[in-house]
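Before any comments, here is the structure.
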Amino acid sequence: DVKVTQSSRYLVKRTGEKVFLECVQDMDHENMFWYRQDPGLGLRLIYFSYDVKMKEKGDIPEGYSVSREKKERFSLILESASTNQTSMYLCASSSRMEETQYFGPGTRLLVL
Amino acid sequence: GEDVEQSLFLSVREGDSSVINCTYTDSSSTYLYWYKQEPGAGLQLLTYIFSNMDMKQDQRLTVLLNKKDKHLSLRIADTQTGDSAIYFCAEAGGTSYGKLTFGQGTILTVHP
Numbered sequence: 709d710v711k712v713t714q715s716s717r718y719l720v721k722r723t724g725e726k727v728f729l730e731c732v733q734d735m736d737h738e739n740m741f742w743y744r745q746d747p748g749l750g751l752r753l754i755y756f757s758y759d760v761k762m763k764e765k766g767d768i769p770e771g772y773s774v775s776r777e778k779k780e781r782f783s784l785i786l787e788s789a790s791t792n793q794t795s796m797y798l799c800a801s802s803s804r805m806e807e808t809q810y811f812g813p814g815t816r817l818l819v820l
Numbered sequence: 099g100e101d102v103e104q105s106l107f108l109s110v111r112e113g114d115s116s117v118i119n120c121t122y123t124d125s126s127s128t129y130l131y132w133y134k135q136e137p138g139a140g141l142q143l144l145t146y147i148f149s150n151m152d153m154k155q156d157q158r159l160t161v162l163l164n165k166k167d168k169h170l171s172l173r174i175a176d177t178q179t180g181d182s183a184i185y186f187c188a189e190a191g192g193t194s195y196g197k198l199t200f201g202q203g204t205i206l207t208v209h210p
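Structure below.
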């Protein structure tokens, strides 16, 4: 079974803090994705990566950065957290051979 | 860009059939997906259909695809309270790196 794990289920941070969200997959997938989920807006793609050290902006990259130093790990960084970044963050991965994405359990982030 | 639309809410009685609808705009879609999200969890792949198929059945789930109208539906037979969740439609447009475009999600509520 594909397993995608995220470092925290719940996080509470203060405005201006630097926040790291970690995602690890164990299926040797080339592609990894970060989404945020807000009610009524569905999933919006923040960044994705198709290989180690490679990254591409998604639809809403502003205020975020990412890091992919190892194939299995993809990190989302909020350089200076703001209240409008309070959301559910979902990580996903897929292989180059098929487009099906497999999701982690999500991290619910609250920025005060 | 690509767009995927779903109605936001559906309410059914236990034992009835549920039909969740989705429309998309990308005529180059290769695969279309249905994901389920239970409260507080990540997305779980339910089923998918290749764009050259009209129908796919998997136990209680039936997916219908009308490629001409760019309309996708998910029918759940004999709906149970455990089917209460958010259902997301997603399409893979054949773009690089396995990107998916998601709808807003339909909240299915099943009443006893």
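In order, the protein sequence lines correspond to chains A and B. Here the first sequence is numbered in our numbering, starting from 709 and rising by one per residue. Here the second sequence is numbered in our numbering, starting from 99 and rising by one per residue. Note that the Cβ used here is the ideal one computed from N, Cα and C, for glycine as well. As the structure is a prediction and not an experimental result, all values here were calculated from the model.
Residues of the stretch 173–200 of chain B with a C-beta less than 7 Å from any C-beta of chain A: F186, A190, Y195, G196, K197, L198 and F200, listed in chain order. Check the Cα spacing between L162/B and each of V208/B, L130/B, S109/B and L106/B: the tightest is with L130/B. Secondary structure of N792/A (DSSP, three-state): helix. The closest CA to that of M740/A, considering only K761/A, P747/A, K721/A and G724/A, is found on K761/A. The closest CA to that of V712/A, considering only S788/A, T815/A and R722/A, is found on T815/A. V712/A: member of the beta strand (DSSP E) spanning V712 to Q714, first to last residue.
Between the stretch 787–799 of chain A and the stretch 157–172 of chain B there are fewer than three inter-stretch CB-CB distances shorter than 8 Å, so the stretches are not counted as touching. L143/B reaches chain A at T808, Q809, Y810 and F811, counting residues in chain order whose Cβ is nearer than 9 Å. Annotation for K154/B: the continuous beta strand (DSSP E) segment containing it runs M153 to D156.
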